[in-house]
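Below you'll find the structure, written out as structure tokens, and then a few comments.
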Amino acid sequence: MPELLEVEIYRRLADSVVGATVQGVAAHDHWYLKGTTSARLLQRELVGATVVGTHRIGKLLLLSFGERPVLGLRFGMTGRLIVRGTAAIDYLEYSSARDEPAWDRFVLRFADGTDLRMRDPRRLGGVELNPSTDHLGPDALTVTPSQLRMALLGAAAPLKACLLDQRRLAGVGNLLADETLWRAALDPARRGGSLTLAEHRRLHRHLRITLPELLDRGGSHMGDLHHARVRGGRCPRDGVELLRRTIGGRTTYSCPRHQH
DNA sequence: CTCGACTCCTGTTAGC
DNA sequence: TGCTAACAGGAGTCGA
Numbered sequence: 003m004p005e006l007l008e009v010e011i012y013r014r015l016a017d018s019v020v021g022a023t024v025q026g027v028a029a030h031d032h033w034y035l036k037g038t039t040s041a042r043l044l045q046r047e048l049v050g051a052t053v054v055g056t057h058r059i060g061k062l063l064l065l066s067f068g069e070r071p072v073l074g075l076r077f078g079m080t081g082r083l084i085v086r087g088t089a090a091i092d093y094l095e096y097s098s099a100r101d102e103p104a105w106d107r108f109v110l111r112f113a114d115g116t117d118l119r120m121r122d123p124r125r126l127g128g129v130e131l132n133p134s135t136d137h138l139g140p141d142a143l144t145v146t147p148s149q150l151r152m153a154l155l156g157a158a159a160p161l162k163a164c165l166l167d168q169r170r171l172a173g174v175g176n177l178l179a180d181e182t183l184w185r186a187a188l189d190p191a192r193r194g195g196s197l198t199l200a201e202h203r204r205l206h207r208h209l210r211i212t213l214p215e216l217l218d219r220g221g222s223h224m225g226d227l228h229h230a231r232v233r234g235g236r237c238p239r240d241g242v243e244l245l246r247r248t249i250g251g252r253t254t255y256s257c258p259r260h261q262h
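Under our numbering, the first residue of the first sequence carries the number 3, and numbering increases by one thereafter.
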């Protein structure tokens with residue numbers, strides 16, 4: 003489940019191809035090309051182009067090529083980034099432990115002999131030229147208190163569903179949502195718009211602490227709650243059995259004792 | 001407009 | 001042992 007932390011790790015790896023010039027594009031999986039993007043278009047726009055920078059908005063990784071179109075990479079839940087045969091992340095929660103070259107859905111080959119590939123067993127990711135970013139909310143790693151307040155203002159949806167909604171806040175996925183709400187002692191089922199000012203502050207503080215901390219530890223699955231996110235798991239803080247529910251369409255674990 | 005339900009994808013795993 | 005069905009979740013669509 004690449005969430006924004008994994009994608010940020012991918013972005014740092016992708017930074018190592020800045021300055022490289024594209025010699026070839028392998029995009030044989032038509033399903034993986036989104037919007038109006040086609041293999042032919044990718045060839046025409048990217049071959050001969052030089053990578054000048056990398057960016058990340060939420061879970062979307064962007065490669066810029068100067069005057070050429072921007073290349074957007076989405077990793078879905080099982081997509082990994084591999085540069086020069088080296089994966090940014092060896093282990094990916096919910097993905098496969100195996101490494102099958104057949105799962106390479108998209109490859110950029112560079113003139114210097116290096117390459118960048120997206121390896122995605124379940125094909126939930128995708129590649130798109132000039133992807134729209136209009137619908138993305140503020141990035142969760144840098145969100146301000148007022149931006150977070152606006153993201154939840156008047157929301158009737160459950161708090162967790164709001165955090166997962168990329169239009170409200172970009173980058174948070176299922177594991178980060180559970181971890182942050184657990185740390186902030188907030189019930190994921192609460193209406194998003196029901197938070198008090200003090201609770202807004204608490205949520206913001208825990209977001210801004212938790213994300214960099216887990217980035218340091220190596221990913222979304224390194225949270226304090228994570229090992230307890232199994233059926234019958236107990237709250238690492240209180241020792242009581244965690245609630246397992248579906249909220250926002252996702253499996254949700256929370257502590258019935260300290261999350262309100 | 002908002003929200004929830006549904007759908008897509010396929011490797012892994014629990015259970016018979 | 002071998003099979004089936006449930007499960008995982010990011011993201012888009014659709015209908016109430």
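Heads up, the beta-carbon is just placed ideally off N, CA and C, and yes, glycines get one too.
Give me the residue from the options with the minimum Cα distance to residue i.
| i | options | result |
| --- | --- | --- |
| L126 | G173, T116, T80, E102 | T80 |
| T23 | L43, R46, R246, F67 | F67 |
| R121 | A113, I59, A104, L131 | A104 |
| A187 | S256, R86, R231, G195 | S256 |
| D106 | F112, D114, L118 | L118 |
| S196 | R210, K61, C164 | C164 |
| Q168 | Y93, L150, H137 | H137 |
| E243 | G251, G250, I249, R233 | R233 |
| Q149 | R58, A200, L171 | L171 |
| P71 | Q261, V49, G78, R247 | V49 |
| G173 | R185, Y34, R210 | R210 |
| I249 | Q261, L166, R151 | L166 |
| T198 | S98, E102, K61, H262 | H262 |
| K162 | H229, D240, G221, D189 | D189 |
| P133 | D17, H57, R231 | H57 |
| Y96 | M152, Q25, H228 | H228 |
| L62 | Y93, G156, D101, A16 | A16 |
| F77 | R100, F108, G251 | F108 |
| Q45 | G60, Q25, Y34 | Q25 |
| D240 | D226, S98, Y34 | D226 |
| I59 | Y12, L245, E69, G251 | Y12 |
| S98 | H260, G251, R42, M3 | M3 |
| H260 | L43, L245, R252 | L245 |
Let me know if residue i comes out buried or exposed under the rule of 16 or more other beta-carbons within 10 Å of its beta-carbon.
| i | result |
| --- | --- |
| D218 | exposed |
| E8 | buried |
| P258 | exposed |
| A158 | exposed |
| G175 | buried |
| V27 | buried |
| A113 | exposed |
| H32 | exposed |
| A200 | exposed |
| T182 | buried |
| G139 | buried |
| R14 | exposed |
| V19 | buried |
| Y93 | exposed |
| G21 | exposed |
| G156 | exposed |
Under the assumption that residue i contacts residue j (Cβ atoms under 8 Å), give the Cβ distance between them as a whole number of angstroms.
| i | j | result |
| --- | --- | --- |
| R192 | P238 | The pair is not a contact, with the Cβ atoms about 21 Å apart (cut-off 8 Å). |
| M224 | L213 | M224 to L213, Cβ: 11 Å. No contact. |
| E47 | L110 | Their Cβ separation, rounded to whole angstroms, is 12 Å, which puts E47 and L110 out of contact at 8 Å. |
| G74 | L83 | At roughly 13 Å, the Cβ-Cβ gap does not stay under 8 Å, so G74 and L83 are not in contact. |
| D180 | T135 | Actually they are not in contact, since the Cβ atoms of D180 and T135 sit about 26 Å apart, beyond 8 Å. |
| L154 | G194 | 4 Å |
| L178 | E5 | 5 Å |
| I91 | G235 | Going by Cβ atoms, the distance from I91 to G235 rounds to 24 Å, so no, they are not a contact pair. |
| H208 | R185 | 5 Å |
Any 3 or more C-beta pairs closer than 8 Å across the region 143–161 and the region 114–129:
At 8 Å Cβ cutoff, the stretches do not touch.
Kindly confirm or deny that the region 35–42 and the region 204–212 touch, where touching means at least three C-beta pairs closer than 8 Å.
no
Taking 8 Å as the cut-off, does the region 82–96 touch the region 44–58 (at least 3 CB pairs, one atom from each stretch)?
no
Where in the region 32–110 do unbroken runs of the alpha helix (DSSP H), each at least 4 residues long, occur, reported from the N-terminal end onward?
Fully enclosed alpha helix (DSSP H) runs of 4 or longer: 41–48.
Any chance you could list the alpha helix (DSSP H) runs of at least 4 consecutive residues sitting entirely within the region 107–163, in chain order?
147–154
What runs of the alpha helix (DSSP H), each 4 residues or longer, lie entirely inside the region 184–234?
199–219
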